[in-house]
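Below is one structure, written out as structure tokens, with a few remarks after it.
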Amino acid sequence: MQWRDPLFDPRPSPPIPLGLVTSQRSQEIHFSRPRRVIPTVPSRKLTQTMYRTIQQSLTAAIQAILASKYDVTLASLAVEQPPSIAMGELALPVAFELAKRLRKAPRAIATELAAELSAQLPEGVASVEIAGAGYLNIRLDRAWVARHIAADRHAPIGGPGFRLIEHTSINPNKAAHIGHLRNAILGDTFQRLLRPDTYKHGYQVGVQNYIDNTGVQVADVVVGLMHLENLGLDTVQTLVADLAAQGKRIDYYCWDLYARVSQWYTADPDQAAERKALRLATLHALEQGGNEIAEVADLIATAVLHRHLETMQRLGIEYDFLPRESEILHLHFWDAARQLMIEKGVLYLETEGKNKGCWVMRRASAEPRHSERSEAESRNPRISSQDASATTNAEAAETGPDEDAKVIVRSNGTVTYVGKDIAYHLWKFGLLPGKDFGYTKFHQYPNHMCWISTDSPSDEHAPAFGHADAIYNVIDSRQNDPQNNVIAALRGMGFTNEADRYTHFSYEMVALTPRCALDLGYDVSEEDQKRAYIEVSGRKGFGVKADDLIDRLTTAARTEVDNRHPDLSDDDRATISKQIAVGALRYFMLRYTRNTVIAFDFKDALSFEGETGPYVQYAIVRAANIFRKAGTTAEAALAAMPTLDIAPILNSEEGTTLWETWLLTSRLTTLIEQAIATSEPAYLAKYAFQLAQQFNNFYHRHHILNEEDATKKTLYLATAATAQREMTRALGYLGIEAPERM
RNA sequence: GCGCCCGUAGCUCAGCUGGAUAGAGCAUCUGGCUUCGAACCAGAGGGUCGGAGGUUCGAGUCCUUCCGGGCGCACCA
414 MQWRDPLFDP RPSPPIPLGL VTSQRSQEIH FSRPRRVIPT VPSRKLTQTM YRTIQQSLTA
474 AIQAILASKY DVTLASLAVE QPPSIAMGEL ALPVAFELAK RLRKAPRAIA TELAAELSAQ
534 LPEGVASVEI AGAGYLNIRL DRAWVARHIA ADRHAPIGGP GFRLIEHTSI NPNKAAHIGH
594 LRNAILGDTF QRLLRPDTYK HGYQVGVQNY IDNTGVQVAD VVVGLMHLEN LGLDTVQTLV
654 ADLAAQGKRI DYYCWDLYAR VSQWYTADPD QAAERKALRL ATLHALEQGG NEIAEVADLI
714 ATAVLHRHLE TMQRLGIEYD FLPRESEILH LHFWDAARQL MIEKGVLYLE TEGKNKGCWV
774 MRRASAEPRH SERSEAESRN PRISSQDASA TTNAEAAETG PDEDAKVIVR SNGTVTYVGK
834 DIAYHLWKFG LLPGKDFGYT KFHQYPNHMC WISTDSPSDE HAPAFGHADA IYNVIDSRQN
894 DPQNNVIAAL RGMGFTNEAD RYTHFSYEMV ALTPRCALDL GYDVSEEDQK RAYIEVSGRK
954 GFGVKADDLI DRLTTAARTE VDNRHPDLSD DDRATISKQI AVGALRYFML RYTRNTVIAF
1014 DFKDALSFEG ETGPYVQYAI VRAANIFRKA GTTAEAALAA MPTLDIAPIL NSEEGTTLWE
1074 TWLLTSRLTT LIEQAIATSE PAYLAKYAFQ LAQQFNNFYH RHHILNEEDA TKKTLYLATA
1134 ATAQREMTRA LGYLGIEAPE RM
């Protein structure tokens, strides 16, 4: 096991545009067109990157020794973490790499290197030792490092540029379910990692929630309203108003109706064809716009959309802009995209074969990938020319039509979903000539406005969206192929830079365990009961609705809070319960890595113990309680650090737990960088938990308030303070608040 | 048939650029509340990392192949 610390990261840090730093969310700045900022080096760099400096001087020293003593240079030097803190803080396996080249035993090389290095130790390094078969283990100056952590020196994160995150994107025809929650929580957490805040410079960020308000799913609910319920525009209006007046959720109503309609289509074999035709006619009317069907659709889709925003707001999830498919259609984004694609030669009219009469695009998989192949071959000669026989474009043209090509425009002249998506993504990158949405206000959050697209002129002072430097699409893994098609289109058009900065933030679905499905009262076939999990289905009305889950979590938390804090006011208990519920839910969705299928079970999701959000929240509350009882503050404890003689304590046997706690608190920047680089928020969730575990361990080992030695007591308080600070930050990025008490 | 993902402790999952004795949580068992709150901590048992080859000083991690499971491969949207 090893880990990397950004403080020791050899990579150069990206330039920071100091001028863009804002501590508060401000729509004027966040959504402005990309500001090309001339990178400047922050003046604080020298002090902020002290730890990185340790490593740099360390590796530089070793390189110098290698060059002078053995006449070799290494491209990079690996730096690892020893298995136990007792062996040091850093481990260099450099001797292993050199063993063969120098025809010398690793341990002998390590011995020579250690001798040379010990003669001139870099600042912050206490000693060098040889360990195992030839590791160079480095011990740090614990007091020196701890003081820098206490002063909150940390490596900078972020850079210039505008990054667009698309997440949630629920069809506005039914209630959000647990699968949508995973999507929204992943996207929202990632957005928090990127965005500027008081801890980091970050990147400029825009959060978009794409609304497919003219799709077949909305059409289905419209069919239900108009043909199953026999409602018209006015009576649908009444229905929406009535449900609102009764405090009923319109999205729940649609959830049931959608399932009924889906069944109704095929319920009577004699009428199946007729009903399918009705469905199609409804869809076309809806796409066309300017008719009663479209108005009903807009009414219901907008009402459901408002509910989705409410649901997500319960979890602290907010959006900046809601682009709708209706505007992509009505503002003719596709026409501009089509012209561009033809100009760039990626879209062509098929004149033969099964796709005759369609405008098609070659699939991503059919593209020759020269660079990848040559790289693989150079690494491993055994992978050679067999797979180089993949058909090239030229060959395909000679051997007939590409039957595997993706149809973008149907033979009847209508554009497919992928076509619309290509147009939308060209717009995201500012590559769609002459096209932009109209923008109008839609929903007011406490601190900012959420805008929605319109085909009318924009509101005054509407911000500009689009023109992103990089984009992240939080879309489940089942849409892998369609996403790759869009990326392939960009690449094919020569927008390679954009294609490289297009991240399909893919994740696996949330399914139900058979037991959970049975508990909810669903019919589960014998076959399904044998499976590990069952896919949720909006069409079948099969799943756990997001609001139901939040309600259950809140109720469960409330029971606990009522038992523990009968003295607190009703409002306070409600607030704490909500914070715990959100903490449990968000952590649950974030603790799994993206491509793990979550088999949902209430037992796991409703747990507040073990590896959960509330566990971390509880650790923070404990730390806060110490300062309350001690009559001092975390800030005061940290401020006292420079004056304390802490080296003897940290270097002692009993100081190891303390030191481990300090070391772990310093890794937040690493984890954030790692989570961003890999698009994997789970790493941060894991870290928050480990930090809480480490703190709890320290908490039980040292009784702070009873400590009689004044120096020790202050050091203990500072340890609690730094742990509390970093746990709170880590949870903040996960979108989880720390309650006052719990 | 093709593409992508997964297979690690009884269960649910981590394991980043290949590194030292493969880790958590849950469950089970044992111990710890008159303490800064036990939504906690300490300890125990539990592993052929799906199988087989290969590369490497070193493989859960990289390559090949096989097995098992999931998802996706429409002129639907």
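Using this note's numbering, you'd call the opening residue of the first sequence number 414 and step up by one each time. By construction, the Cβ of each residue, glycine as well, lies at the ideal position given by its N, Cα and C atoms.
Query                                                                                                                           : Result
Distance between beta carbons of residue 577 and residue 884, contact taken as under 8 Å                                        : 4 Å
Residue interval of the alpha helix (DSSP H) (run including residue 771)                                                        : Counting along the chain, residue 771 falls outside any alpha helix (DSSP H), and DSSP gives it neither H nor E.
Cβ pair residue 998, residue 963 closer than 9 Å                                                                                : yes
CB contact flag (residue 536, residue 500, <9 Å)                                                                                : no
Contact check, residue 865 vs residue 624, beta carbons under 9 Å                                                               : yes
Residue 550, enclosing beta strand (DSSP E) - first and last residue                                                            : 548-553
DSSP state of residue 935 mapped onto helix, strand, coil                                                                       : coil
Coil, strand or helix - residue 718 by DSSP                                                                                     : helix
Helix, strand or coil at residue 905 [DSSP, three-state]                                                                        : helix
Given 8 Å, three or more beta-carbon pairs between the segment 673-691 and the segment 572-590                                  : no
The segment 943-950 in contact with the segment 1030-1037 per 3-pair CB rule at 8 Å                                             : no
Residue 1025 (DSSP reduced to helix, strand or coil)                                                                            : coil
Pairwise C-alpha distance: residue 1024 and residue 1105                                                                        : 10 Å
Sub-9 Å separation of residue 837 and residue 741 beta-carbons                                                                  : yes
Spatial neighbours of residue 830 in its chain, beta-carbon cut-off 8 Å, leaving aside the 5 residues before and after          : 895
Beta-carbon gap between residue 925 and residue 957 smaller than 9 Å                                                            : yes
Distance between residue 492 and residue 1097 (C-alpha atoms, nearest Å)                                                        : 21 Å
Closest by C-alpha distance to residue 868, when choosing among 486, 737 and 1030                                               : 737
Any non-hydrogen atom of the ligand SAM within 8 Å of residue 1039 CB                                                           : With respect to the ligand SAM, the structure shown offers nothing to examine, as it has no ligands at all.
Anticipated Cβ contact below 8 Å, residue 762 with residue 751, distance rounded                                                : The Cβ separation is near 12 Å, so there is no contact.
Residue 927 versus residue 672 - alpha carbon distance                                                                          : 20 Å
Cut-off 8 Å between Cβ atoms - residues of its own chain near residue 961, not counting five sequence neighbours on either side : none
Bounding residues of the alpha helix (DSSP H) (the contiguous stretch that carries residue 1165)                                : In this structure the chain extends from 414 to 1155, so residue 1165 is not present and cannot be described.
Rounded separation between residue 1150 and residue 533 - CA only                                                               : 46 Å
Cβ-based neighbour list, residue 955, same chain, cut-off 7 Å, excluding 5 preceding and 5 following                            : 935 and 949
Simplified DSSP assignment, three categories, for residue 889                                                                   : strand
Three-state class that DSSP yields for residue 1059 in the structure shown                                                      : coil
Spatial neighbours of residue 650 in its chain, beta-carbon cut-off 8 Å, leaving aside the 5 residues before and after          : 712
Cβ neighbour criterion (16 or more within 10 Å) applied to residue 945                                                          : exposed
Whether residue 1029 touches residue 1143 by CB criterion (9 Å)                                                                 : yes
Rounded distance between the beta-carbons of residue 1007 and residue 1172, thought under 8 Å                                   : The requested residue 1172 is not part of the displayed model; the chain covers only 414 to 1155.
Start and end residues, beta strand (DSSP E) containing residue 539                                                             : 538-544
Residue 717, buried or exposed, once every other Cβ within 10 Å from all chains shown has been counted against 16               : buried
Three-pair Cβ contact test at 8 Å for the segment 1129-1146 versus the segment 1046-1066                                        : yes
Contact check, residue 875 vs residue 847, beta carbons under 9 Å                                                               : no
Whole-angstrom distance between residue 818 and residue 891, CA atom to CA atom                                                 : 19 Å
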